[in-house]
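Colleague: I'd like to ask you about the structure that follows.
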Amino acid sequence: MKSALKKKLFVTAVALSFAMAVPAAGIAGDTIKLGVAGAQSGDLASYGLPTVKAAELVVAEYNAKGGINGKKVELLIEDDVCKPEVATNTATKLVTDGVDVVLGHICSGATKAALPIYKEAGVVVMSPSATNPGLTQSGDYPNFFRTIASDDAQAKTEVDFAINVIGAKKIAVIHDKGDYGKGLAEFAKTFIEKSGKAEVVLFEGVTPGAVDYTAIVQKIKRKGADAVIFGGYHPEASKIISMMKKKRMTTTFISDDGVKDDTFIKVAGKNAEGVYASGPQDNSTNPVSVAAIAAHKKAYNSDPGAFYENAYSAALALLNAIEKAGSTDMAAVVKALQTEKVETPVGNINFDAKGDAVGVGFAMYKVENGKYVEVK
Amino acid sequence: MDYFIELFFGGLTRGSIYALIALGYTMVYGIIGLINFAHGEIYMIGAFTAFIVATVLSIYGFPALAIIIIAGLAAAVWSSSYGYTVEKVAYRPLRKAPRLAPLISAIGMSIFLQNYVLLAQTSDFLPFPALIPEFAFMEPVAHIVGSSDLVILVTTAVVMIGLTFLIKFTKIGKAMRATAQDKTMAVLVGINVDRVISATFIIGSALAAIGGLLIASHIGQINFYIGFIAGIKAFTAAVLGGIGSIPGAVLGSLVLGLTESFATGYVSSDYEDVFAFSLLVLILIFKPSGLLGKAETKKV
Amino acid sequence: MFPVKELKRSALISLWFAFLTFPIMVIKVNPIERTVDWRWDNMYFVAIGSFVISILSKVYLIRKERRSGRKKISRALTEPFMQRILREPRFLYPLSLAILVFAIAFPYFFSTYQTNIMTTALMYVVLGLGLNIVVGVAGLLDLGYVAFYAVGAYSYALLNMHFNMGFWTVLPIGGLFAAFLGVLLGFPVLRLRGDYLAIVTLGFGEIIRLILENWNDFSQGPSGIANISRPSFFGMEMSFDGGITYIYYLVVALVVFTIFVVNRLQNSRLGRAWLALREDEIACQAMGIDKTKTKLIAFSLGAFWAGLVGVIFAAKTTFVNPASFTFLESAIILSIVVLGGMGSIVGVIFGALILILMPEYLRALSEYRMLAFGGILVVMMVFKPDGIISNVRRSYRFKKHISHQTSDQS
Amino acid sequence: MSKAILKVTGLTKNFGGIKAVDNVDLDIQQGEIVALIGPNGAGKTTFFNCLTGIYSPSSGDIMLCNPKNGNEITVNGMKPNKITEKGMARTFQNIRLFPTMSVLENVMIGRHCRTKSLIFGAIFRNPATRREEEEIIETSYGILKKVGLHKEVNEEARNLSYGAQRRLEIARALATEPFLLLLDEPAAGMNPKETEALVSLIRKICSEGHSILLIEHDMKLVMSLSDRIFVMDYGKKIAQGTPEEVRSNPAVIKAYLGEDVDA
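Protein chains in written order, with numbering that gives the first Met the number 0: chain A, 0 to 375; chain B, 0 to 299; chain C, 0 to 409; chain D, 0 to 262.
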């Protein structure tokens with residue numbers, strides 16, 4: 000497909016730019032084109048590649064059933080390296096290739112940069128992992144949806160848990176200086192301060208990839224924090240927690256969806272025991288989720304990576320909406336997304352007017368015996 | 000005071016880690032005047048090799064001590080081989096090229112090796128087996144200095160002494176010093192400069208591999224990207240100490256490690272790297288060739 | 000024709016690579032499930048691949064040697080074909096005109112995506128030309144060039160957000176901010192020798208990025224600044240497609256302007272001083288050139304261009320965050336300059352187009368793209384260390400002995 | 000006698016504990032050719048480097064007096080480019096041309112400190128800049144003609160023969176309009192024919208109003224060319240005077256030939 004593009008460009012360049020000018024309305028092509036965009040190379044590839052795999056599996060399943068309304072689903076996979084400037088190119092490329100809906104992007108920053116382009120072209124976008132609240136709450140992007148909770152909702156869950164369940168009085172809020180982690184940490188800080196029941200004793204960022212986190216861990220200890228809320232992803236979380244264990248600290252460690260990932264338990268091993276993390280409600284009894292994970296194991300002989308279930312859900316939701324709407328027209332798809340419930344690995348969901356998923360339950364988990372167990 | 004000591008030891012560990020990588024930078028720079036950007040990747044490959052070998056051995060049920068020794072050796076052997084090959088493929092043909100050409104080649108090599116490991120292995124973080132055991136005698140002070148910190152400190156000290164000995168007294172060390180000072184003269188007195196340069200890469204890479212093994216074991220995880228940040232920091236440390244100088248690399252690394260540790264401890268870790276780089280700028284302004292670098296005498 | 004000794008050598012090389020890649024390529028372990036996957040077929044691929052490549056490169060070298068042996072005399076005439084085109088205005092001017100016409104017609108013949116990519120590539124042409132002043136011409140190794148780019152981008156993002164200032168107002172301001180910062184940084188560090196300068200500029204680039212990342216009140220931190228206005232056309236707002244075409248033309252104009260200015264700078268008193276500085280600092284000072292001042296001008300002029308492109312960057316993506324300004328970016332811009340040919344304007348243009356367009360068209364290779372990118376950098380440097388096109392020096396003609404000059408420049 | 004155009008008093012330069020130049024006095028009058036000789040390692044080049052600002056002297060004074068206007072200035076500690084601007088230019092012992100620049104451009108660099116245009120002029124090429132550029136080219140060409148390199152104007156400097164490179168260095172220094180020219184071993188590596196040409200070139204330069212201070216090992220050249228000679232050994236000045244006086248000075252002979260030889 001990609002190499003064919005070049006030929007097509009040279010032969011029918013003008014025609015193509017005309018086709019561009021007309022919004023990708025209705026049923027123009029003979030396939031339904033599902034774009035997948037996110038980091039597929041570079042240091043953040045591990046967050047983007049599971050999404051590609053999820054999309055591949057969902058599409059294979061749909062096509063095996065004969066496609067949607069008689070049409071096969073085709074994947075257009077594009078890498079944005081999680082960089083905003085690359086994301087605009089990626090988005091333009093997808094739009095030029097006549098994409099109907101997009102699963103992506105992975106990082107909030109890249110998503111923000113790409114969304115205006117999709118909006119202009121009337122393409123619905125659903126991210127499995129972009130959690131920046133502004134994406135839905137600003138109302139700027141009517142074509143944006145996501146299958147993951149936004150930062151503020153997650154931060155609220157974490158803070159409520161830390162204060163009301165754990166009973167923490169002094170909380171250290173640590174983040175990884177990243178888009179996701181820092182955003183979340185800031186919400187956590189605000190919620191803690193608002194609650195009046197606990198104080199933030201430390202609010203700092205660690206440098207991802209640094210060789211050693213001893214100093215920050217010592218600092219947490221010195222500040223006498225009884226709980227740590229960490230905003231960020233599992234590599235940093237596991238480094239911090241193992242460093243804390245090495246220093247014989249027993250401070251409660253609470254983190255987010257970026258840590259509620261089996262990889263965290265694998266990497267942190269024994270040190271992961273007792274760590275709390277927020278995440279979508281337990282799906283281990285959800286047959287769709289079980290099937291999705293089994294499909295991954297079968298196809299790739301490995302466990303799925305980060306945001307796999309969210310991505311799987313998003314792909315299902317998007318294709319389902321197209322099927323129900325009977326068209327890839329933006330208004331119809333949006334309407335279908337909002338009204339038609341769909342069974343996905345993260346629950347039986349539809350979407351609210353802003354684009355956040357309804358029905359994605361949120362819960363706190365604790366690592367017990369090498370597994371995340373929901374805290375009731 | 001306890002807090003100060005904790006930070007001090009934390010900084011020392013961090014500095015020692017930098018030192019093991021920085022030594023490779025400084026040796027290569029001293030001899031061919033090249034910033035070997037791929038050195039961080041050599042370190043990463045060392046860590047990966049150790050990871051692979053150690054995991055395989057533990058699956059086949061080898062005893063812990065054997066695992067450490069074999070994994071360490073394997074890491075050193077393969078890192079050295081990579082270092083040697085990288086020099087031969089990417090730098091040697093460029094020995095007479097304009098000054099920046101090898102630098103770009105090095106950047107290219109760094110990107111290549113990163114993606115090579117990414118594709119051949121995985122983009123995920125992997126749990127690195129705890130090769131360094133928790134010593135019982137360290138338990139009373141474990142909240143200040145852990146066992147792995149101790150091992151890292153001791154290893155760095157031993158390596159440092161060994162390296163100084165090697166450079167000062169052995170034949171290859173003397174050849175290295177001669178080559179570093181004047182390549183043409185070294186050739187004239189019968190030194191095989193190519194071989195000396197290869198030896199430098201091999202030794203530097205082996206040190207990086209030891210560093211990779213220790214750090215990975217200390218923090219318990221690796222992925223293909225760990226070489227990049229560690230590499231830049233180690234390079235900063237080498238320059239800070241005076242690039243080309245071996246004691247300088249160690250001193251620079253320790254200063255950098257301590258600065259970062261104290262900056263985090265007493266100010267904020269938000270600006271930890273800002274402190275590190277500002278320190279570098281400040282020191283270079285007042286001492287343009289680094290802490291222990293020889294002031295360049297202009298020969299006119 | 001192919002000696003047996005070489006075959007043996009290639010066999011050894013292939014054995015070596017098979018050994019070298021053994022742990023990484025062959026063994027894949029799963030530490031959780033405690034399983035080992037031995038991928039032996041990878042080893043065969045590596046062995047066969049390295050054998051073939053080694054033979055091919057040997058053949059290339061032998062042929063190259065033969066060719067250079069045979070054509071030693073005529074080489075001066077045939078080899079620098081590009082050079083001759085560049086030197087002769089009667090070739091150069093029509094060629095430039097043709098390229099310009101092509102550039103102007105581009106959006107009419109290619110899709111929006113292609114135009115968008117081309118815009119990016121042309122932005123890097125300008126960045127490359129800016130850095131070329133610093134590295135290629137004045138010989139100052141700057142590894143933190145991206146900092147000035149960031150300053151430009153954030154100037155527009157912040158001024159637009161807080162004061163609703165327009166693109167055209169901020170364009171010069173962004174450039175000047177960057178240039179000012181260049182002077183500010185240049186003062187203390189320019190007396191450092193080559194590689195020390197390199198690491199300090201690298202550090203400086205990181206400092207700027209870290210400040211943008213950490214100082215939320217100022218820069219909104221890692222989540223960045225969204226909804227930056229696109230440039231307006233005499234007060235008119237434009238559609239998305241129109242906007243892309245508009246920015247494209249704007250960048251084309253900037254490229255032309257930059258080439259014009261940089262070319263004139265290079266062939267001036269100042270440009271000569273930069274070159275001399277690159278070649279021999281001490282002799283340069285002894286000839287009465289103020290080292291610090293000349294370097295500062297080069298440094299801040301380079302920064303100025305980065306600032307300009309930064310503003311355009313912010314306007315084009317309508318979103319900025321610190322993730323766009325990492326060291327890798329500096330490294331890519333530096334690669335453009337060196338790969339293209341240090342000090343050569345045409346070389347830098349080629350370098351930028353190749354390095355920026357290549358990964359885009361390598362998308363077909365998807366995950367192997369960056370691997371190929373790194374590999375190509377190495378191969379290019381090994382086989383063409385002077386860059387694709389080396390600089391053409393201006394030549395002077397004097398009629399007989401009367402010192403009357405007619406000069407032409409490239 | 001008029002005021003000396005260069006007057007050095009008590010110049011000392013230490014490197015660590017070593018005194019490379021030790022309390023040296025020296026003066027040059029307008030129109031003179033003065034030679035500075037001494038065995039290898041006597042500190043001659045270091046002395047030059049102190050004069051031209053490449054090293055800053057540990058102690059002592061260097062006074063320059065422009066013969067055109069009689070302005071006297073102390074230049075010790077000044078930057079090299081300032082000193083060149085004041086009218087003292089030099090060549091180097093190990094040739095330091097700009098190797099990949101053309102012969103003409105090398106000389107044009109010498110005109111840098113006598114011209115002014117900067118960014119604005121470079122970009123807009125206003126009439127003043129164009130005139131200046133023309134002046135630079137013509138003057139440089141004239142100087143190249145004087146040293147006999149005008150046929151190689153577009154050649155890269157590194158492609159010139161050794162002797163030609165030395166002459167180019169002199170041309171480049173002359174382009175800065177010095178009243179005092181410092182030549183560091185100008186005849187080193189030249190064949191007898193080239194040396195001869197050099198001697199007449201130096202005479203010609205001198206006759207055009209440039210005074211000259213040169214370091215040289217070729218005694219024939221030194222003796223035939225110089226008005227006065229200064230001799231250094233182990234950083235100290237051990238003798239000075241006319242060629243005849245120096246030739247018969249026992250200290251000089253001892254320095255050159257060793258301890259055991261009697262005068």
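Don't be surprised by glycine CBs; every beta carbon is placed ideally from N, CA and C.
Of all the CB atoms in chain D, is at least one closer than 8 Å to the CB of C:Leu-140?
Modeller: Taking the third sequence and counting its residues from 1, one reaches residue 140 of chain C at position 141. Answer no: the Cβ-Cβ gap between C:Leu-140 and chain D never drops below 8 Å.
Colleague: Going by the CB atoms, is the gap between B:Gly-210 and B:Gly-10 shorter than 8 Å?
Modeller: If you number the second sequence from 1, residue 10 of chain B lands on position 11. If you number the second sequence from 1, residue 210 of chain B lands on position 211. No, these two residues do not count as a Cβ contact at 8 Å.
Colleague: Select from the region 40 to 59 of chain A all residues with a C-beta closer than 8 Å to any C-beta belonging to chain B, and list them in chain order.
Modeller: Ser-40, Asp-42, Ala-44, Ser-45 and Leu-48
Colleague: Quick check on the DSSP output: the alpha helix (DSSP H) that includes A:Tyr-275 runs from which residue to which?
Modeller: Your numbering for residue 275 of chain A matches position 276 in the first sequence. No alpha helix (DSSP H) contains A:Tyr-275, which is instead part of the beta strand (DSSP E) from 275 to 279.
Colleague: Which complete alpha helix (DSSP H) runs does the region 38 to 75 of chain D hold, if anything under 4 residues is left out?
Modeller: 43 to 50
Colleague: Measure the C-alpha to C-alpha separation of C:Leu-130 and C:Asn-115 and round it to an integer number of angstroms.
Modeller: As a first step, residue 130 of chain C is located in the third sequence; it is residue number 131 there, counting from the start. As a first step, residue 115 of chain C is located in the third sequence; it is residue number 116 there, counting from the start. Approximately 23 Å, taken between the alpha carbons.
Colleague: Which chain C residues are close to A:Thr-91, counting only those with a beta carbon under 7 Å from its beta carbon?
Modeller: Position 92 of the first sequence, counted from the first residue, corresponds to residue 91 of chain A. Chain C residues near A:Thr-91: Thr-111, Tyr-112 and Asn-115.
Colleague: Compare the beta carbon distance of B:Ile-221 and B:Phe-36 with 8 Å and say whether it is the shorter of the two.
Modeller: Taking the first residue of the second sequence as position 1, residue 221 of chain B is located at position 222. Taking the first residue of the second sequence as position 1, residue 36 of chain B is located at position 37. It is not a contact, given that the beta carbons lie outside the stated cut-off.
Colleague: So, helix, strand or coil for A:Gly-204, using DSSP?
Modeller: For this step, residue 204 of chain A is matched to residue 205 along the first sequence. Three-state result, A:Gly-204: strand.
Colleague: Taking the alpha helix (DSSP H) that A:His-233 falls in, what are its first and last residues?
Modeller: Looking up residue 233 of chain A in the first sequence gives position 234. DSSP places A:His-233 inside the alpha helix (DSSP H), whose first and last residues are 233 to 245.
Colleague: State whether the region 183 to 193 of chain A contacts the region 206 to 220 of chain A, with contact taken as three or more CB pairs (one from each stretch) at a distance under 8 Å.
Modeller: no
Colleague: Give a yes or no on whether 8 Å exceeds the smallest Cβ distance from A:Glu-203 to chain B.
Modeller: Along the first sequence, one-based indexing puts residue 203 of chain A at 204. Judged by the 8 Å Cβ criterion, A:Glu-203 is in contact with chain B.
Colleague: Output needed for D:Lys-115: all residues of its chain with C-beta closer than 8 Å, excluding positions within five of it in sequence on either side, in chain order.
Modeller: The residue given as residue 115 of chain D occupies position 116 in the fourth sequence. Excluding sequence neighbours, D:Lys-115 sits near Glu-131.
Colleague: Let's test the definition: count the other Cβ atoms within 10 Å of the Cβ of A:Asp-328 and tell me whether it reaches 16, buried, or not, exposed.
Modeller: The sequence position of residue 328 of chain A within the first sequence is 329, counting from 1. When all chains shown are included, A:Asp-328 counts as buried.
Colleague: Using a Cβ-Cβ cutoff of less than 8 Å, which residues in the same chain neighbour A:Gly-25 once the five nearest sequence positions on both sides are dropped?
Modeller: The residue given as residue 25 of chain A occupies position 26 in the first sequence. Here the model assigns A:Gly-25 a pLDDT of 38, short of 50, so the residue's position is not dependable and the matter cannot be decided.
Colleague: Taking the alpha carbon of B:Met-43 as the point to measure from, which residue in B:Ile-231, B:Lys-286, B:Leu-279 and B:Glu-259 has its own alpha carbon closest?
Modeller: Within the second sequence, numbered from 1, the residue matching residue 43 of chain B stands at position 44. Nearest C-alpha to B:Met-43: B:Ile-231.
Colleague: Is there at least one Cβ from chain C nearer than 8 Å to D:Ala-121's Cβ?
Modeller: Within the fourth sequence, numbered from 1, the residue matching residue 121 of chain D stands at position 122. Yes, D:Ala-121 lies at the interface with chain C (some Cβ there is under 8 Å from its Cβ).
Colleague: Contact between the region 87 to 106 of chain B and the region 114 to 121 of chain B is defined here as three or more beta-carbon pairs at a separation below 8 Å; is this criterion met?
Modeller: no
Colleague: Measure from the alpha carbon of B:Ser-252 to the alpha carbon of each residue in B:Leu-93, B:Ser-78, B:Tyr-17 and B:Ile-225, then state which is nearest.
Modeller: Start at 1 with the first residue of the second sequence, and residue 252 of chain B comes out as number 253. Comparing Cα positions, the closest option is B:Tyr-17.
Colleague: Taking the alpha carbon of B:Leu-125 as the reference point, which residue from C:Ser-53, C:Ala-152, C:Arg-33 and C:Trp-37 has its own alpha carbon closest?
Modeller: Here residue 125 of chain B corresponds to residue number 126 of the second sequence, with the count starting at 1. The option with the nearest alpha carbon to B:Leu-125 is C:Arg-33.
Colleague: My assumption, with CB atoms under 8 Å, is that B:Leu-22 sits in contact with B:Gly-203. Please give the rounded CB distance.
Modeller: Reading the second sequence from its first residue, position 23 is the one you call residue 22 of chain B. Reading the second sequence from its first residue, position 204 is the one you call residue 203 of chain B. Indeed, because the Cβ distance is near 7 Å, the residues count as touching under 8 Å.
Colleague: Once you ignore the five residues that flank B:Ala-248 on each side, which residues in its own chain have a CB closer than 6 Å to its CB?
Modeller: Counted from its first residue, the second sequence places residue 248 of chain B at position 249. So the list reads Ala-21, Leu-22, Thr-25, Ala-237 and Gly-240, once near-sequence residues are dropped.
Colleague: Tell me whether the region 44 to 58 of chain A and the region 310 to 320 of chain A touch, counting them as touching only if at least three CB pairs, one residue from each stretch, are closer than 8 Å.
Modeller: A contact exists between the region 44 to 58 of chain A and the region 310 to 320 of chain A.
Colleague: Counting only Cβ-Cβ distances shorter than 8 Å, please list the residues of the region 194 to 210 of chain C near chain B, keeping chain order.
Modeller: Asp-194, Tyr-195, Ala-197, Ile-198, Val-199, Leu-201, Gly-202, Phe-203, Glu-205, Ile-206, Leu-209 and Ile-210
Colleague: Pick helix, strand or coil for D:Lys-2, following the three-state DSSP scheme.
Modeller: Counting from one through the fourth sequence, the residue named residue 2 of chain D turns up at place 3. DSSP places D:Lys-2 in coil when its eight states are reduced to three.
Colleague: Name the chain D residues that come within less than 7 Å of C:Val-260, Cβ to Cβ?
Modeller: Taking the first residue of the third sequence as 1, we reach residue 260 of chain C at position 261. Ile-122, listed in chain order.
Colleague: Would B:Lys-54 and B:Pro-132 be called neighbours here (beta carbons separated by less than 8 Å)?
Modeller: Walking along the second sequence from the start, residue 54 of chain B turns up at place 55. Walking along the second sequence from the start, residue 132 of chain B turns up at place 133. Here residue 54 of chain B is Thr; the residue named in the question, Lys, does not match the sequence. No, these two residues do not count as a Cβ contact at 8 Å.
Colleague: In chain order, what residues of the same chain lie with their CB nearer than 8 Å to the CB of C:Gly-127, ignoring the 5 residues before and after it?
Modeller: Here the question's residue 127 of chain C lines up with position 128 in the third sequence. Listed in chain order, the non-local C-beta contacts of C:Gly-127 below 8 Å within the same chain comprise Ile-332, Ile-335, Val-336, Gly-339, Val-347, Ile-348, Gly-350 and Ala-351, local neighbours out to five positions each way being set aside.
Colleague: Can the beta-carbon of C:Gly-223 be found less than 8 Å from the beta-carbon of A:Gly-37?
Modeller: Counting from one through the third sequence, the residue named residue 223 of chain C turns up at place 224. Counting from one through the first sequence, the residue named residue 37 of chain A turns up at place 38. Cβ distance not < 8 Å, so C:Gly-223 and A:Gly-37 don't count as in contact.
Colleague: Once you ignore the five residues that flank C:Leu-191 on each side, which residues in its own chain have a CB closer than 8 Å to its CB?
Modeller: In the third sequence, the residue the question calls residue 191 of chain C occupies position 192. Within the same chain, C:Leu-191 has close Cβ partners Val-199.
Colleague: Would you say A:Glu-73 lies against chain C (beta-carbon separation less than 8 Å)?
Modeller: Sequence index remark: in the first sequence, residue 73 of chain A carries index 74 (1-based). It does not: the Cβ of A:Glu-73 has no partner Cβ on chain C nearer than 8 Å.
Colleague: Between D:Thr-241, D:Ala-156, D:Lys-253 and D:Met-222, which lies nearest to C:Asp-279 when the distance is taken from Cα to Cα?
Modeller: Within the third sequence, the letter at position 280 stands for residue 279 of chain C. Out of D:Thr-241, D:Ala-156, D:Lys-253 and D:Met-222, D:Ala-156 has the C-alpha closest to the C-alpha of C:Asp-279.
Colleague: Using DSSP bridges, identify the partner residues of A:Asn-349.
Modeller: For the purposes of this step, residue 349 of chain A is taken as residue 350 along the first sequence, with counting starting at 1. Checking the DSSP bridge columns, you'll see A:Asn-349 partnered with A:Val-357.
Colleague: Could you tell me which residues DSSP puts in a beta bridge with D:Asn-13?
Modeller: Residue mapping note: residue 13 of chain D aligns to position 14 of the fourth sequence, counting from 1. BP columns for D:Asn-13 point to D:Lys-18.
Colleague: Any beta carbon from chain B within less than 8 Å of C:Pro-187's own beta carbon?
Modeller: For this step, residue 187 of chain C is matched to residue 188 along the third sequence. For C:Pro-187, the answer is yes, since a Cβ of chain B falls inside 8 Å of its Cβ.
Colleague: Would you be able to state if there are at least three C-beta pairs under 8 Å between the region 277 to 296 of chain C and the region 152 to 164 of chain C?
Modeller: By the Cβ rule, the region 152 to 164 of chain C does not count as touching the region 277 to 296 of chain C, because fewer than three pairs are nearer than 8 Å.
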